[in-house]
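K.L.:
There are 2 protein chains.
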Amino acid sequence: MSRPPQPKLITAEHNGVSVIQSQAHAAAASNAASLAGLQQVPQLVPADPSAAGGKAAPPSKMKKPSVDKDSEEYRQRRERNNLAVKKSRMRSKQKAMDTQQRVNELKEENERLEAKIKLLSKELSVLKDLFLEHAHNLADNVQPPADATSPAPNHC
Amino acid sequence: MSRPPQPKLITAEHNGVSVIQSQAHAAAASNAASLAGLQQVPQLVPADPSAAGGKAAPPSKMKKPSVDKDSEEYRQRRERNNLAVKKSRMRSKQKAMDTQQRVNELKEENERLEAKIKLLSKELSVLKDLFLEHAHNLADNVQPPADATSPAPNHC
DNA sequence: CTAAATTGCGCAATCC
DNA sequence: GGGATTGCGCAATTTA
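Residue numbers (the numbering used here), protein chains in the order written: chain G, 1 to 156; chain S, 1001 to 1156.
Listed below in structure tokens is the structure:
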């Protein structure tokens, strides 16, 4: 997230092997599904021609048929990775929510600030008007008008 | 995002069948991978007891071993869904970025508003001081002080 | 009911 | 070697 620098060479072209996934898809809470005992053996089925619609063996383009899916260690790695993935995704989601929350907060703050600005502007306006009025009074005093329009000098 | 209402009954317990995925994992650009002709037959391996850790056949809870992976229509549906998924994810990502952008904008706006508030406050302060000063002058005029602190009545 | 959109999850490559 | 990310596909569910 905070580090998207590398060009990130998206592979493209793994190995052409088709794999068998346990894909229990159950496991409501955490993993455990794989612990259900029903570990489907990842054995690669040769894809029997008579069963398939046609096309027996694939292009036979497999360089590395290794990666023993049976390996105990493989399963462990997978499990660990799955965990890491879940964690990472949770974080990501959380961050997104936090960002959204931040937007809301900032919006509120903005409204608050705008209100304050409005208030201050009003105050300023009033004061300025007072000054203007005063200035007029002063002018009236300094230069006594020829007419008696002024009812009476407020003060001064 | 904007609609997380439903209780969302997370399935938990699909069907215990392990499926075979084509999982070509290649296909740099778009789909096409599945069109490589290597259609892995969906045949469910019975999970041979001798091969698995133990536990022969699972609860045998498979109601629908069907879902013919060979089906032409199946592949089409999958492809469409894959496309939809990619689209959805792109949108999601875009939205996240937009939200982040929004945060930045709002932060800038906030700073702008705060600056304005500071300015207005300053102006107000000045005007108020002027008023105070004026009031003092008035007071001085009305009630001449005993001392000669006042340099000279500005006016009035 | 069909089709698109979302969502959770697992795999593998890659990053670090 | 090993956790963290990320692109991708599958399948179930939700929306439209």
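For glycine and all other residues, C-beta sits at the position ideal for the given N, C-alpha and C. Note that this is a predicted model, so its numbers are computed, not measured.
So with CB distances below 8 Å, who are the chain S contacts of ARG77(G)?
P.N.:
Simply none; closest approach about 17 Å.
K.L.:
Any contact between the region 94–110 of chain G and the region 1090–1099 of chain S? By contact I mean 3 or more CB pairs, one from each, below 8 Å.
P.N.:
Touching, yes, given that three or more Cβ pairs across the two stretches are closer than 8 Å.
K.L.:
Step through the CB atoms of chain S and report whether any lies within less than 8 Å of the CB of ASN81(G).
P.N.:
Chain S, which has no Cβ nearer than 8 Å to the Cβ of ASN81(G), makes this no.
K.L.:
Could you check whether the region 1068–1081 of chain S touches the region 76–89 of chain G, counting it as contact only if at least three pairs of C-beta atoms, one from each stretch, sit closer than 8 Å?
P.N.:
No, the region 1068–1081 of chain S does not touch the region 76–89 of chain G.
K.L.:
Would you decide whether LYS1118(S) is buried or exposed? Buried here means 16 or more other CB atoms lie within 10 Å of its CB.
P.N.:
LYS1118(S) is exposed by the Cβ-count criterion.
K.L.:
I want to verify the contact list: residues of chain S whose CB lies under 7 Å from the CB of LYS116(G), in sequence order.
P.N.:
Here the neighbours are ILE1117.
K.L.:
Could you tell me if LYS1069(S) is buried or exposed, where buried requires 16 or more neighbouring beta carbons within 10 angstroms of its beta carbon?
P.N.:
Classification for LYS1069(S): buried.
K.L.:
Is there a Cβ of chain S sitting closer than 8 Å to that of GLN94(G), yes or no?
P.N.:
No, GLN94(G) lies away from the interface with chain S (no Cβ there is under 8 Å from its Cβ).
K.L.:
Name, please, each residue of chain S whose Cβ falls closer than 8 Å to the Cβ of SER121(G).
P.N.:
The contacting residues are LEU1120.
K.L.:
Name, please, each residue of chain S whose Cβ falls closer than 8 Å to the Cβ of VAL103(G).
P.N.:
In chain order: THR1099, ARG1102, VAL1103 and LEU1106.
K.L.:
Report the rounded CA-to-CA distance for GLU1073(S) versus MET1090(S), giving the unit in angstroms.
P.N.:
Looking at the two C-alpha atoms, the distance is approximately 26 Å.
K.L.:
Since LEU1113(S) and LEU106(G) should fall inside the 8 Å C-beta cutoff, what is the C-beta to C-beta distance between them, to a whole number of angstroms?
P.N.:
Incorrect: roughly 11 Å between the Cβ atoms, too far for contact.
K.L.:
Can you list the residues of chain S that LEU127(G) reaches, using a CB-CB cut of under 8 Å?
P.N.:
Within 8 Å Cβ-Cβ: LEU1124, LEU1127, LYS1128 and PHE1131.
K.L.:
Could you confirm whether any beta carbon from chain G is found closer than 8 Å to the beta carbon of GLU1109(S)?
P.N.:
Chain G, which has a Cβ nearer than 8 Å to the Cβ of GLU1109(S), makes this yes.
K.L.:
Using DSSP with H/G/I as helix, E/B as strand and the rest coil, what is ASP98(G)?
P.N.:
Looking at ASP98(G) - three-state DSSP - the assignment turns out to be helix.
K.L.:
Classify SER71(G) as helix, strand or coil using the three-state DSSP reduction.
P.N.:
Residue state, collapsed to three classes: coil.
K.L.:
Could you tell me the alpha carbon to alpha carbon distance between GLU123(G) and LYS1116(S), rounded to whole angstroms?
P.N.:
Looking at the two C-alpha atoms, the distance is approximately 14 Å.
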